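Some notes on the structure that comes next.
Numbering (the working numbering), first residue to last: 515 to 784.
Structure below.
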């Protein structure tokens, strides 16, 4: 395993346990990998603000030669906040997605690099949860007021049973399939990203920038939006708590996030 140069790690359900904690064992194993010269790249649906505490704990924060994949691959940036790659939704995409939310009766919000926006004065519980999780403020804006706001992704956020029922029929979304990629990223999140945006494509971009091959990459994840990087990596690792599709695509399955699965996976290559 001497050719492994990068370990890309998802955050929720992977790096963090179900209590949203970074355990001491996982932290120490990552620090051991760093001392061995391996670059750690956090690959998350969150914005940079949502992982700054984690980056600080791992000694990766505020550096020009450390990188993070944010917004599910919509942004690649240094941990100092210099954006290397960014792909946004169009205003028309946003309007279409907002209209679908009204038709389906789902809570919905749009994520900009530095803020969450909702056109719903009755802000949903899961929008509040997301804002707190990723350390972003929430602003109310009518759809007309969103025209000049950079939108990285949009999210349908609601109770799992309601969300699953509404998205089971893809027809309301199908007319956008040429422009937008849809993925379930948590039991209560259904995300819309610009077509071509994925953690896998973001890591492909980063490997190219660093003159590395995907064979030099290990990727560890648990959800649908981790599939692209699991398939890209020289070694794709699924968490024990991963959805079935991720486990099927991975070359290895490690323990779940409540039993230090990330530490177990990294120890096998050190």
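Glycine included, C-beta positions come from ideal geometry on N, C-alpha and C. Computed from a prediction, not measured in an experiment: that's the story for all the values here.
- The criterion of a C-beta distance shorter than 8 Å is not satisfied by residue 711 and residue 559.
- Of the residues 759, 545, 751 and 641, the one whose Cα lies closest to the Cα of residue 702 is 641.
- For residue 543, the enclosing alpha helix (DSSP H) stretches over residues 538 to 549.
- Rounded to whole angstroms, the Cβ separation of residue 754 and residue 773 is 7 Å, and the two are in contact under 8 Å.
- With contacts defined by Cβ atoms closer than 8 Å, residue 748 and residue 729 form a contacting pair.
- In this structure residue 528 is not in contact with residue 714, their Cβ atoms being roughly 15 Å apart against a cut-off of 8 Å.
- Counted as a single uninterrupted DSSP element, the stretch harbouring residue 645 is not any beta strand (DSSP E) but the alpha helix (DSSP H) occupying residues 639 to 648.
- DSSP places residue 731 within a strand segment (E or B) once states are collapsed to three.
- Exposure of residue 532 is indicated by the presence of fewer than 16 other C-beta atoms within 10 angstroms of its C-beta.
- Inside the stretch 724 to 771, DSSP marks whole beta strand (DSSP E) runs of 3 or more residues at positions 731 to 735 and 749 to 752, from first to last along the chain.
- Our two residues, residue 745 and residue 544, have alpha carbons roughly 22 Å apart in a direct line.
- Shown here for residue 576: same chain residues with a beta carbon closer than 7 Å to its own, the five before and five after excluded, namely 593 and 594 in chain order.
- By alpha-carbon distance to residue 580, the top candidate from 548, 542 and 690 is 548.
- Contact between residue 677 and residue 590 is absent: CB atoms are separated by about 28 Å, not below the 8 Å threshold.
- In this structure, DSSP gives residue 782 a state outside helix and strand, which the three-state scheme calls coil.
- In this structure, DSSP gives residue 604 a state outside helix and strand, which the three-state scheme calls coil.
- DSSP places residue 558 in the coil class of the three-state scheme, outside both helix and strand.
- Taking residue 618 as reference, the option from 674, 631, 634 and 679 with the minimal CA-CA separation is 679.
- Residue 583 and residue 555 do touch by the CB rule: their CB atoms are close to 6 Å apart, below 8 Å.
- In this model, residue 613 and residue 689 are separated by some 13 Å (Cα to Cα).
- The Cβ atoms of residue 552 and residue 520 lie closer than 8 Å to each other.
- Counting C-beta atoms within 10 angstroms of its own C-beta, residue 550 has fewer than 16 neighbours from the protein chains shown and is therefore classed as exposed.
- Residue 672 carries a coil assignment under DSSP once its states are collapsed to helix, strand and coil.
- Straight-line spacing of the CA atoms in residue 650 and residue 568 works out to 16 Å.
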